Structure formats: structure tokens, C-alpha cells
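Notes follow the structure.
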Amino acid sequence: GAEDSVETGNASRWSARMQGITQHCDKLDQSLLNPAALAQSLNCYQDKLIFSKLTQSAIVTGATALLGLPQLSIAQKQMVEPGTSKNDYFSVPPHLHAKPDGKFVHIDGVRSAAADNPDSDRSRFMIFVQRTVILATAYKTTGELRYAQKAAEAVRLWFLDKDQHMRPHARFAQMQPGQAGAANFTAIVEFRHIWPLLDAIRMLASAHIFSTNDLAGLQKWFATFRADWMAGKAGPAAAAAKNNIATYHDLVIAAIAAFIGDTATFANVIGQAPARLHAQVEPYGAQPVELMRKRPLHYSLFNLQAWVGLATLGRSAGIDLWQATGSDHRSIPWAIRFAYLNRQLLADYEQASARFDQRLSLLLWSVPANAGDYHVLSDLPPLAEKFGRINLDDGVPPLLPVLAVKSALLSKAG
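For the sequence shown, my numbering assigns the number 26 to the initial residue and increments by one for each residue that follows.
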């Protein structure tokens with residue numbers, strides 16, 4: 026039933042048929058998704074919130090210490106980049122360095138001091154997310170409303186407050202100073218922790234701590250953020266990237282789609298993920314694009330952390346990326362195995378071997394035992410017993426290292 030212009034050529038005919046099959050499969054996935062359940066279910070922490078006495082004590086201790094701290098907002102920054110306002114998220118690329126002549130240069134693998142300025146929006150947002158997750162999880166494990174109230178206050182201030190809120194866009198993230206407005210497609214990586222933050226908001230909603238207007242405002246904020254990102258050039262460019270940028274783009278977009286109950290976008294992103302996985306991962310697990318970087322092990326693990334997130338997110342809704350395997354040994358477990366076995370051959374391993382070992386151990390812990398190709402990890406012992414050095418820069422959601430201590434994988438942990 027296609028038009029003559031489609032049917033006249035083999036390439037256009039087969040392309041149209043494959044697109045039709047893909048769209049049909051997406052619609053089947055959509056029909057199986059419940060928008061309300063998708064919006065309300067935890068999709069980052071889900072089955073990981075099994076508290077031992079050790080983890081409960083650590084979470085409650087951390088949350089109690091946060092109760093007396095002042096709240097954070099994006100409008101608290103001291104310096105505002107020309108062309109932006111205090112409510113706009115602004116950060117510089119992590120590898121951007123200022124030259125003596127006032128110009129800038131990107132140096133792959135060398136992080137600039139400006140990227141980690143404690144007054145930057147990047148630092149402030151990561152701290153805000155971490156605190157909110159800790160407080161929400163403390164409420165989840167204890168039922169004490171004081172933790173939920175503190176976290177909800179933080180969420181309202183960041184997203185809903187008339188004067189202090191962050192404007193819902195990423196136009197000035199990872200932006201070279203003096204070039205405000207030229208949106209950078211790498212900016213989406215700055216917001217990789219939106220998906221654990223949305224779980225924290227769901228935990229707080231279960232405490233009935235938000236009003237109906239609050240919840241509607243939060244859904245509107247995230248829907249607007251996603252729409253603004255995809256409406257410009259940066260969103261499509263990120264989606265078309267060949268490396269971790271695209272994986273984190275998918276994770277953020279799918280997480281937001283889940284939160285607002287957008288089954289069509291969710292099914293589309295997760296449904297196309299296996300094709301992206303096979304494009305990024307070679308047989309037996311190598312990630313060639315990440316391996317070309319000056320920090321090949323870091324970026325291989327950074328991308329894998331995003332893939333673990335996507336697979337966890339998909340499984341929470343019944344679309345199982347953990348089963349995205351094949352006879353050519355391209356899968357998340359195979360990619361983890363490759364990084365594990367070849368870590369000492371990669372240029373950056375010796376610079377931070379303990380930190381890399383902990384990141385690899387956390388990735389091993391994150392793979393469910395019923396994942397496809399899980400057997401290729403079963404003979405790999407964990408390389409670390411504690412996860413104290415892992416931080417949010419590595420793409421790891423807040424609290425996962427603490428929650429991992431409950432696992433038998435780390436039975437010797439103190």
C-alpha cells in the first residue's frame with residue numbers, strides 16, 4: 026500500500042518496510058505500558074531498596090546531618106554569565122581551558138578547574154540531587170516525615186519557586202564563556218542524574234508531601250525541559266552521537282518520559298536501544314569510540330554506567346534490555362567483561378586503579394543474575410570491597426554504592 030515513489034526502488038522499499046515494522050513493534054510496546062504505573066513506579070532504585078542494618082544506619086545518619094543545612098537553588102550563584110540570568114543553568118565544558126591570550130582550548134582527558142568550581146551550577150545541581158535522594162530514601166526506610174519535608178522543600182525551591190527556580194532548559198550547559206546561546210549537544214550529560222532524582226520525587230509523592238499543583242508543576246517542568254532540548258539542534262545531535270553522549274541522552278529522555286507517563290516516547294527510546302548498543306559495542310565487548318579517548322577506561326565505564334541505567338529503566342517497565350544479546354557477543358555483560366579483563370592495558374588505569382576497580386565492582390553488582398550473557402561475568406570476582414571513592418561524576422546514581430554493600434558480592438565489607 027506504499028506510494029509509487031517508495032515502491033520503485035529497492036532501497037526505499039526495504040527502508041519503508043523496516044520502518045513500518047519498527048513502528049508496529051513500538052505500538053505493541055506502547056500498548057503494554059500503563060502510563061500511570063510508568064509515572065509512579067521507581068525505575069532507578071526499584072528492587073535495590075532492600076535495607077540491611079548497615080545501609081539503613083548509613084542512610085539515616087547522612088540524612089539527619091542534612092536536616093540542618095540550608096537549601097540550594099540555582100539562583101544562589103555569585104557570578105552570572107553575560108547573556109544568561111541567575112535562573113539559567115550555566116556550566117563550562119569539563120575539558121575547556123583558558124589560554125593566556127583569553128581564548129579557550131579543549132584538551133581531551135584534562136579536566137579544568139572551572140569545571141569543578143563549587144559555585145558552578147554543575148556542582149550545585151549534583152549536590153542538590155544527592156541530598157534529595159538521601160533524604161527521600163531516609164523517609165522510605167524510616168517513615169519519618171521530617172526527611173520527606175526537607176527534601177520536598179528542596180525540590181520546590183529548585184523547580185517551582187517563583188524567584189529561585191531553574192528555568193527548564195539546558196541551553197547554557199557546557200557552554201564556552203562568551204558564546205551563550207550556541208547550545209552544545211554534550212550538555213545533556215550534565216543532567217544524567219535526573220533519573221535518580223525522579224525516583225526521589227516519586228518517594229516524596231508517596232508521602233503525600235506535594236500538593237496537586239506541586240505535582241502538576243513538576244511534570245510541566247520536566248516536559249518543558251525535554252521539549253526545549255529536542256526542539257533545538259542540540260537534542261537531535263546528541264541522539265545521533267556515536268558515544269556516551271547518545272546513551273545518556275536516551276537515559277534522560279526515557280526517564281522523563283516515564284515520569285510524565287509518555288508511553289510513546291518511552292517505548293521508542295528503549296525499543297531502539299539494542300540497535301544503539303550494537304552500534305557502540307564490538308563483538309566481545311570493546312567500545313571503539315570510547316577507547317579512542319585519552320581516558321579510554323573512564324569513558325568505557327562511564328558509557329557502561331549509562332547502559333546499566335537504560336537496562337534497569339527498561340526492565341522496570343517490562344522492556345528488557347538485559348536480554349539484548351546475540352551470537353556475536355555484543356551485550357552489556359560482554360562489554361563489562363571486556364573492560365574488566367583489559368583494564369590494566371588501558372592508558373588511564375594506573376592513574377586511579379583503586380577507583381576503577383570500585384567502578385567495575387559496582388557494575389558487576391548492578392547486572393541481574395537473570396540477564397542475558399550473565400554467565401560471562403560469573404567467573405569475575407569483585408575487585409573492591411568498599412565503594413567509598415565512587416562519585417557522581419562517574420555516572421553512578423546517589424546511594425548505589427551504599428546500597429551495594431548489602432550484597433553478598435561484598436560480604437566482607439565493614
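Where a beta carbon is used, it is the ideal one built from N, C-alpha and C, also for glycine.
Since the model is a prediction, treat every value here as computed from it, not as a measurement.
What are the start and end residues of the beta strand (DSSP E) that includes residue i?
i	result
H194	Neither: H194 is in no beta strand (DSSP E) and is coded neither H nor E.
H120	Run containing H120: none; DSSP gives neither H nor E here.
H131	F129 to H131
Check the Cβ-Cβ distances between residue i and every residue of chain D, and say whether any is below 9 Å.
i	result
A429	Note that chain D does not occur in the displayed structure, where there is just one protein chain.
Excluding five sequence neighbours on each side, which residues of the same chain lie with their C-beta closer than 7 Å to the C-beta of residue i?
i	result
V427	T80, A83 and I84
L371	P321 and L322
D224	L67, N68, C69 and Y70
A248	I285
S436	Only weak support exists for where S436 lies, its pLDDT of 41 falling under 50; the value from the coordinates is given anyway. Hits under 7 Å: none found.
A264	A271 and H274
L57	G343
I234	A173, Q174 and A177
Q312	Q305, V306, S325, N328 and A360
L182	Q96, S98 and Q189
A433	Low confidence applies here, because A433 scores a pLDDT of 43, under 50, leaving its location unreliable and the question unanswered by this model.
Cβ of residue i within 9 Å of Cβ of residue j?
i	j	result
A208	K258	yes
A163	A262	no
R147	A198	yes
W220	C50	no
H354	P308	yes
A364	L326	yes
F184	W254	no
F115	V105	yes
L329	I357	yes
W359	G310	yes
G134	R318	yes
L366	L316	no
D144	K102	yes
Q204	A100	no
L243	V180	yes
P118	T211	yes
Helix, strand or coil, according to DSSP, for residue i in the structure here?
i	result
F150	helix
F115	strand
A342	coil
N35	helix
H303	helix
V158	helix
H354	coil
V314	helix
Y70	coil
R217	coil
M104	coil
K165	helix
A264	helix
A225	helix
G45	helix
N142	coil
Q96	coil
A394	coil
L79	helix
V85	helix
I234	coil
D51	helix
V16	In the structure as shown, the chain starts at 26 and stops at 439, and residue 16 therefore has no counterpart that could be examined.
Just to confirm my understanding: we take residue i, look at its own chain, exclude 5 residues before and 5 after, and list those with CB closer than 6 Å. What are they?
i	result
L229	A161, A173, A176 and A177
V294	D275, I278 and A279
S231	none
G439	Reliability fails at G439, whose pLDDT of 33 lies under 50, so the model's placement of it is uncertain and no value is given.
G260	W254
D113	R192 and F197
Need the endpoints of the alpha helix (DSSP H) that residue i sits in, please.
i	result
V401	V401 -> no alpha helix (DSSP H), and no H or E assigned at all.
P426	L425 to A429
L58	No alpha helix (DSSP H) holds L58; DSSP gives it neither H nor E.
T272	N269 to F284
W254	T237 to A256
V180	L170 to F184
P202	Where P202 is concerned, there is no enclosing alpha helix (DSSP H), given that its DSSP letter is neither H nor E.
D382	S378 to S391
I415	I415 -> no alpha helix (DSSP H), and no H or E assigned at all.
Once you ignore the five residues that flank residue i on each side, which residues in its own chain have a CB closer than 8 Å to its CB?
i	result
P423	V154, Q155, V158, I159, H218, P221 and L417
L121	F129, V130, H131, S137, A139, A140 and Q201
L91	R156, I159, L160 and K175
Q65	R227 and A230
Spell out a yes or no on whether the region 339-354 and the region 296-306 are touching, meaning 3 or more CB-CB pairs, one atom from each, closer than 8 Å.
-> yes
Would you be able to state if there are at least three C-beta pairs under 8 Å between the region 55-67 and the region 134-151?
-> no
Do the region 374-383 and the region 414-423 meet, that is, are 3 or more Cβ pairs less than 8 Å apart?
-> yes
Per the contact definition of three or more C-beta pairs closer than 8 Å, is the region 387-402 in contact with the region 326-341?
-> yes
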